[in-house]
């Protein structure tokens, strides 16, 4: 499988052209921070979620009196991106709408994923361009899986703010009407597999703009997601990774009508309008 490498004097990054997916982030001591993709647990590393995040009700949405089918998290993660710029510490990948994408998503677009290394940080930028003549609804999100070398319960998540997190629970992969409050202790949430017995933790909104993974109370890495309104946290039971997922959008609610333009969390782009967002993975240990 074709991959692209960027590096600086601290970090080396590998990205698959398939899905423009980050698949390796190593430091100068060859320590790996991204999940290896072992299919025993989960065969991905850090997929791009576009043009939806999460699951549609019945995997269907409606537009102009036509029903379209789209699977969980959209199609971008399964498509070959074109490498349009490659420098020592930077790579830009591009995906354009096509006859294939128009069958499930009848909107013209360009999606760019821009990876740039700055010292001990990897910046990941999303650029979405509406190249069509109509309004374009979309969601986009990140899904990086951070490798955990120690016992899962020896890790905790330190949020930027000491806040009460409102978790929106899932029902058949859709956002239910039930919420739970997760209270942090000294800004921290201790990890345990029991947290994920009903799948992902989903927060439609939160005050914190960054999150640090602690290993035995020592900072391992930090995700900065300044402009992303929503966040998902997920793992598979007994898997040695944790996914920290900044999102613009999330799964349909159980009461969804299927109208994509009225989907909760949806973004709308005008003709020729450009959407930008970015997050970073900062290595701390």
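Residue numbers (this note's numbering): 354 to 638.
Yeah, the Cβ is synthetic: ideal placement off N, Cα and C, and Gly gets one too.
The bridge partners DSSP lists for residue 425 come to none. Note on geometry: alpha-carbon atoms of residue 497 and residue 505 lie some 17 Å from one another. Spanning the alpha carbons of residue 582 and residue 606 requires a straight line of approximately 17 Å. Across the structure, residue 383 and residue 612 are spaced so that their CA atoms are roughly 47 Å apart.
Cβ neighbours of residue 514 within its own chain (closer than 6 Å, five residues either side excluded): 560, 561.
Residue 465 counts as buried, since at least 16 other C-beta atoms from the protein chains shown sit within 10 angstroms of its C-beta. Put simply, the segment 451–458 does not touch the segment 545–552. Fewer than three CB pairs are less than 8 Å apart. In this structure the segment 481–488 does not touch the segment 507–527; the number of beta carbon pairs closer than 8 Å is below three. Residue 570 is not bridged by DSSP to any residue.
Straight-line spacing of the CA atoms in residue 619 and residue 494 works out to 12 Å. Residue 444 counts as buried, since no fewer than 16 other beta carbons sit within 10 angstroms of its beta carbon. Residue state for residue 610 is assigned as coil, using DSSP reduced to three classes. By the Cβ test, the segment 549–569 is in contact with the segment 587–594, since at least three Cβ pairs between them sit closer than 8 Å. Within the segment 513–596, the runs of beta strand (DSSP E) at least 3 residues long that lie entirely inside it are, in chain order, 517–524, 527–536, 541–543, 554–556, 563–568, 571–577, 583–587. For residue 358, the enclosing beta strand (DSSP E) covers residues 356–360. By the beta-carbon neighbour count (other beta carbons within 10 angstroms, threshold 16), residue 629 is exposed. Pairing residue 359 with residue 376, the inter-Cα distance amounts to about 12 Å. For residue 469, the enclosing beta strand (DSSP E) begins and ends at 462–471. Rounded to the nearest whole angstrom, the C-alpha separation of residue 400 and residue 491 is 16 Å. Contact between residue 404 and residue 372 does not hold, since the beta-carbon distance rounds to 14 Å and is not under 8 Å.
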